[in-house]
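In what follows, a structure is listed as structure tokens, so that the remarks can point back to it.
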Amino acid sequence: MVTSLTRRGQLNTEVGRLERMLEIRAVEESIQTLYNDGHVRGSTHLANGQEAVSVGIASVLRPTDVVTCTYRGHAAALALGVTPEGVLGEICGRVIGCSGGIGGSMHLMDASVGLMPTFAIVGAGLPVAAGVALAAKLKNNDSVALTIFGDGSTNIGAFHETLNMASIFKLPVIFVIENNLYGEYTRINLSTPISDLADRADSYAMRKEIVDGQDVDAIINAIQSAVDFARAGNGPSLIEAKTYRYSGHSRSDPATYRTPGELDEWKKRDPLDIAANKLILKGELSEVDLEKMKSDIADRVAEAIKTVLASDGPELSTLMQHVSAKG
Amino acid sequence: MTVMRTRQAVIQALSDEMESDPTVFLMGEDIGSGGPFKATEGLIEKFGDTRVIDTPISEMAFLGAGVGAAAMGMRPVVEMMFIEFIGVALDQLTTQGAFFRYLSRGAYQVPLTIRAAAGAGMGFGCQHSQILDQWFRGNAGISLVIPSSPQSMYGLLRSAIRSNDPVVILEHKGLYGERGDVITGEAGIIPIGQARTVTEGSDVTIVAIGSTVLTAKAALESQSEWSAEIIDLQTLIPWDKSAVMKSVAKTGRLVVIEESSYSGGWGAEICSEVVTKLWGQLKTPPHRITSPDAPIPYAQELEKRYLPSSDYVVSQINELLKTGKSPAAWWEGAK
């Protein structure tokens, strides 16, 4: 059986990373159909266009490192190793979901690969990541915590309080902003007076880096440097990945607020194309290989959907389980 | 058995847990210097600054860090200098930490203790005097305890730290200076969820917690017309239903004394449960004695009036017993 851990290991190669990015795209693109067919409740928040950030992060971290991530977490969960069945099962509220159908799209988790239940309140994952890092420091091990959040989170108190505290305590935590230019429905220039969000690190005397969020190799380099810095006991980093989400904020958002042509411009720098083209240029992948890869992944996701839809919902008894240590 | 003040019982409980469990550590504002109530005095000298961690004034950051560290197997004791300060950080407890176990299907647990000075009567004004138990009730995944004496402070705090779920402990600032006998060590530990019968009696059951246990005792001792069984709940979430039911089944009368405002108070739930379970066995209607629905005033004469006093409790119970009806509250102006 494929476990989250073995899937994590598949990110060791460039081809494996491309495959995972293609898989994330395919999984996310299947969600609207599942919704239309009545299998998805509430809301979902897609990360299509941002796949390289998640895959880059997952390629560098150890499974024993811990990640806190926002409700836009399908890509992070799949990248860290959760199976398509685990993610789609959770989105469809089935017992095979990675949280047993209790959490839904906004609450994906898998402790075996260090994914804490994803946070559906903007900014909430940052203080918790600092606490994970504090625990590592107090236990004197070299684990790191990494927290993924959007540009919108940089205007919430938790961001500022946590960066300040992490800096004075020199905590082994990496703060990763996925700057996709929109905080919910609002463009960043309307909510934030600076364009390089990494500059906020300056107030906290924190190491910072701006990175091309569409290039998985650039992400890997930036994350690796921050992780090395943190493991060596030097403290936190703030990394800003400049990226773009192709979809609206959530399922109900058609994203009519975009500047005309903006989406098309960003699609010219699609992270999947960039990664594939590199391999093709190096002669390690042919166009035929790529098409085969895509079609295999489509089959694989179709199989996953079949499995999910054949799976039961959670038992009624699970509603009252794990409320507290007693039950 | 040692005589100590309630604030010293806090220090003793923290110290004993820190000695017995290396994963226990403290985090909060100015705790190294002991804080405004000297409730952590001397601990940084004893355990060092890696286990007694002074934080910036950033409640959201350090409460959330408590959640994260707890999820990784530590046992943080986070101090909110005044319970109102948790208002800017509440998400980390009520929405994150409280649900971590549930969302992770038990893969993560949050053995986090939150200590906070709370309660009125000391002239701190309306933003530093509330008891605020109502902010935590009705929120799955959290326990809430309110000690009433040095012993229960010691025993409940040690239990809170050992709990595998988040526990809020509201330390009444009016009690920090009170002295009492304390049994320390394992024998002094008080389980969460267990009430204590303070006095035996037959005319009325008085259910109280924290400061109102002292109010109830003073009321009882100031008169000789009726006897009362005073139940100190000790834990508000989950409260000890069997202890309350057993007593009210015996006395047939229930009076609840709450420090917090009338509307939405915890006593309403106790009364509801008692009426539901003991329907037909009550001699008088269950009665709640509370503070009014107003912010807490500063001036001494007003703050004194705001809180249920022992004289007020006596007059209310006298009237209840005499008329068989639930007396009006003082602010209703009737009678």
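Protein chains in written order, with our numbering: chain A, 1 to 327; chain B, 1001 to 1335. Glycine included, each C-beta is placed from N, C-alpha and C at the ideal position. Remember, it's a predicted structure, so these values are computed and weren't measured experimentally.
Proximal residues of chain B, C-beta to C-beta of residue i below 8 Å
| i | result |
| --- | --- |
| Ile-102/A | Tyr-1102, Leu-1103 and Arg-1105 |
| Ile-168/A | Pro-1056 |
| His-107/A | Leu-1103 |
| Ser-99/A | Leu-1103, Ser-1104 and Arg-1105 |
Amino acids of chain B, ordered along the chain, whose beta-carbon sits closer than 7 Å to that of residue i
| i | result |
| --- | --- |
| Glu-111/A | In the sequence on display, residue 111/A carries Ala and not Glu. Those within 7 Å of Ala-111/A in chain B are Ser-1104, Ala-1107 and Tyr-1108. |
| His-74/A | Ordered by position in chain B, no residue passes the 7 Å Cβ test against His-74/A, which lies about 16 Å from the chain. |
| His-322/A | Arg-1101, Tyr-1102, Arg-1105 and Gly-1106 |
Span of the alpha helix (DSSP H) around residue i
| i | result |
| --- | --- |
| Pro-1150/B | 1150 to 1162 |
| Pro-84/A | 84 to 91 |
| Val-1088/B | It is not in any alpha helix (DSSP H) - Val-1088/B carries neither H nor E in the DSSP assignment. |
| Ala-222/A | 216 to 231 |
| Thr-307/A | 287 to 310 |
| Thr-1305/B | This sequence places Arg at residue 1305/B; Thr is not what is there. Its alpha helix (DSSP H) spans residues 1300 to 1306. |
| Ala-1268/B | 1266 to 1277 |
| Lys-267/A | 262 to 267 |
| Leu-78/A | 74 to 80 |
| Leu-281/A | 271 to 281 |
Within chain A, partners of residue i - CB distance below 7 Å
| i | result |
| --- | --- |
| Asp-1091/B | Ile-121 and Ala-124 |
| Asn-1164/B | Ala-325 |
| Phe-1062/B | Met-165 |
| Leu-1025/B | Per the sequence shown, the amino acid found at residue 1025/B is Phe instead of Leu. Going along chain A in sequence order, the residues near Phe-1025/B (Cβ under 7 Å) are Leu-138. |
Limits of the beta strand (DSSP E) - the one that residue i falls within
| i | result |
| --- | --- |
| Val-973/B | This structure cannot speak to residue 973/B, because chain B is shown only from 1001 to 1335. |
| Arg-1005/B | 1002 to 1005 |
| Ala-1328/B | Careful: Ala-1328/B lies outside any beta strand (DSSP E) and carries neither H nor E. |
| Arg-207/A | 207 to 212 |
| Ser-4/A | That residue, Ser-4/A, is in no beta strand (DSSP E); its alpha helix (DSSP H) goes 4 to 9. |
| Ser-241/A | Sequence inspection shows Ala at residue 241/A; the Ser mentioned does not correspond to that position. Start and end: 237 to 242. |
| Ser-191/A | Note, Ser-191/A: premise wrong, no beta strand (DSSP E); alpha helix (DSSP H) at 188 to 191. |
| Met-1/A | No beta strand (DSSP E) contains Met-1/A, which DSSP labels as neither H nor E. |
| Ser-1143/B | 1143 to 1145 |
| His-1287/B | 1287 to 1291 |
| Thr-1284/B | That residue, Thr-1284/B, is in no beta strand (DSSP E); it is neither H nor E in DSSP. |
| Asn-179/A | 173 to 179 |
| Thr-1023/B | Run containing Thr-1023/B: none; DSSP gives neither H nor E here. |
Listed by chain order, chain A residues near residue i by CB distance under 8 Å
| i | result |
| --- | --- |
| Val-1067/B | Pro-127, Val-128 and Gly-131 |
| Thr-1050/B | Leu-138 |
| Gln-1096/B | Phe-119, Ile-121, Ala-124 and Val-128 |
Within chain A, partners of residue i - CB distance below 9 Å
| i | result |
| --- | --- |
| Met-1081/B | Those within 9 Å of Met-1081/B in chain A number zero; the least Cβ separation is about 16 Å. |
| Gly-1073/B | Ala-135 and Lys-139 |
| Ala-1140/B | Val-323 and Ser-324 |
| Phe-1124/B | The contacting residues do not exist; Phe-1124/B stays about 25 Å from chain A at best. |
Within-9 Å CB hit, residue i to chain E
| i | result |
| --- | --- |
| Ala-145/A | No chain E is part of this structure, whose protein chains are labelled A and B. |
Residue i beta carbon near the ligand HEM (any heavy atom closer than 8 Å)
| i | result |
| --- | --- |
| Asp-228/A | This structure simply doesn't include the ligand HEM, nor any ligand for that matter. |
### Task
Please confirm if the region 116 to 128 of chain A is in contact with the region 1064 to 1071 of chain B, defined as three or more CB-CB distances below 8 Å between the two stretches.
The region 1064 to 1071 of chain B and the region 116 to 128 of chain A touch, with three or more beta-carbon pairs separated by less than 8 Å.
### Message
Using a Cβ-Cβ cutoff of 8 Å, what residues of the region 116 to 137 of chain A are near chain B? List them in chain order.
### Response
Within the region 116 to 137 of chain A, the residues whose Cβ lies closer than 8 Å to some Cβ of chain B are Met-116, Pro-117, Phe-119, Ile-121, Ala-124, Leu-126, Pro-127, Val-128, Ala-129, Ala-130, Gly-131, Val-132, Ala-133, Leu-134, Ala-135 and Ala-136, listed in chain order.
### Query
Which runs of the alpha helix (DSSP H) spanning at least 4 residues fall entirely within the region 37 to 64 of chain A, listed in chain order?
Within the region 37 to 64 of chain A, the complete alpha helix (DSSP H) runs of at least 4 residues fall at 51 to 60.
### Message
Restricting to runs no shorter than 3 residues, where is the beta strand (DSSP E) found entirely within the region 1034 to 1068 of chain B?
### Response
Within the region 1034 to 1068 of chain B, the complete beta strand (DSSP E) runs of at least 3 residues are 1052 to 1054.
#### Entry: Within the region 115 to 164 of chain A, ranges of the alpha helix (DSSP H) (whole runs, at least 4 residues)
Entirely contained in the region 115 to 164 of chain A, the alpha helix (DSSP H) runs reaching 4 residues are, in chain order, 125 to 139.
### Query
In chain order, what residues of the region 154 to 166 of chain A put their CB closer than 7 Å to some CB of chain B?
Those would be Gly-157, Ala-158, Glu-161, Thr-162, Asn-164 and Met-165, in chain order.
### Query
Counting only runs that start and end within the region 1098 to 1135 of chain B, where is the alpha helix (DSSP H) found for 4 or more residues in a row?
If we require 4 residues or more, the alpha helix (DSSP H) runs fully inside the region 1098 to 1135 of chain B come out as 1098 to 1103.
### Query
At a cut of 8 Å, does the region 42 to 58 of chain A reach the region 67 to 75 of chain A through at least three beta carbon pairs?
Put simply, the region 42 to 58 of chain A touches the region 67 to 75 of chain A. At least three CB pairs are less than 8 Å apart.
### Query
Taking the runs of the beta strand (DSSP E) that are 3 residues or longer, which of them lie wholly in the region 1222 to 1258 of chain B?
Within the region 1222 to 1258 of chain B, the beta strand (DSSP E) runs of at least 3 residues that lie entirely inside it are, in chain order, 1228 to 1232 and 1235 to 1237.
### Task
Determine contact between the region 1065 to 1085 of chain B and the region 1018 to 1036 of chain B, defined as no fewer than three beta-carbon pairs at a distance below 8 Å.
Because the criterion of three Cβ pairs below 8 Å is met, the region 1065 to 1085 of chain B and the region 1018 to 1036 of chain B touch.
#### Entry: Validate contact between the region 1303 to 1311 of chain B and the region 1105 to 1121 of chain B using beta carbons, cut 8 Å, 3 pairs
Three or more pairs of CB atoms, one per stretch, sit closer than 8 Å, so the region 1303 to 1311 of chain B contacts the region 1105 to 1121 of chain B.
#### Entry: Contact list for the region 1296 to 1318 of chain B against chain A, Cβ threshold 9 Å
So nothing in the stretch comes that close.
#### Entry: Stretch pair the region 86 to 95 of chain A + the region 172 to 187 of chain A: three plus CB contacts closer than 8 Å
Contact fails: fewer than three Cβ-Cβ distances are below 8 Å.
### Message
I'd like the ranges of any alpha helix (DSSP H) spanning at least 4 consecutive residues and lying wholly in the region 1165 to 1226 of chain B.
### Response
DSSP runs (the alpha helix (DSSP H)) wholly in the region 1165 to 1226 of chain B: 1211 to 1221.
### Query
Does the region 1231 to 1238 of chain B come close enough to the region 1189 to 1198 of chain B that 3 or more CB-CB pairs lie under 8 Å?
Counting C-beta pairs with one atom in each stretch, the region 1189 to 1198 of chain B and the region 1231 to 1238 of chain B have three or more that are closer than 8 Å, which means they touch.
### Query
Are the region 1126 to 1141 of chain B and the region 1285 to 1300 of chain B touching by the rule of at least three beta carbon pairs closer than 8 Å?
By the Cβ test, the region 1126 to 1141 of chain B is in contact with the region 1285 to 1300 of chain B, since at least three Cβ pairs between them sit closer than 8 Å.
### Cβ contact check for the region 140 to 151 of chain A and the region 49 to 59 of chain A: 3 or more pairs under 8 Å
Enough Cβ pairs lie closer than 8 Å, so yes.
### Query
Between the region 1097 to 1116 of chain B and the region 1041 to 1061 of chain B, do three or more beta carbon pairs fall short of 8 Å?
Look at the beta carbons and you see the region 1097 to 1116 of chain B not touching the region 1041 to 1061 of chain B: under three pairs across the two are nearer than 8 Å.
### Query
Is the region 297 to 317 of chain A touching the region 1139 to 1146 of chain B in the sense that three or more CB pairs, one from each, lie closer than 8 Å?
No, the region 1139 to 1146 of chain B does not touch the region 297 to 317 of chain A.
### Query
Within the chosen definition, does the region 1146 to 1155 of chain B reach the region 1324 to 1332 of chain B through at least 3 CB pairs nearer than 8 Å?
Counting Cβ pairs under 8 Å, fewer than three are found: no touch.
### Message
Count Cβ pairs between the region 8 to 27 of chain A and the region 64 to 71 of chain A that sit closer than 8 Å; are there 3 or more?
### Response
Here the region 8 to 27 of chain A makes no contact with the region 64 to 71 of chain A; the two share fewer than three CB pairs at distances below 8 Å.
### Query
Any contact of the region 156 to 169 of chain A with the region 194 to 207 of chain A, i.e. 3+ C-beta pairs under 8 Å?
Flag = yes, the region 156 to 169 of chain A and the region 194 to 207 of chain A touch.
### Message
Within 8 Å, do at least three Cβ pairs link the region 1276 to 1283 of chain B to the region 1240 to 1254 of chain B?
### Response
Contact holds: three or more Cβ-Cβ distances are below 8 Å.
### Query
At a cut of 8 Å, does the region 1173 to 1180 of chain B reach the region 1003 to 1020 of chain B through at least three beta carbon pairs?
Three or more Cβ pairs closer than 8 Å define a contact, and the region 1173 to 1180 of chain B meets that threshold against the region 1003 to 1020 of chain B.
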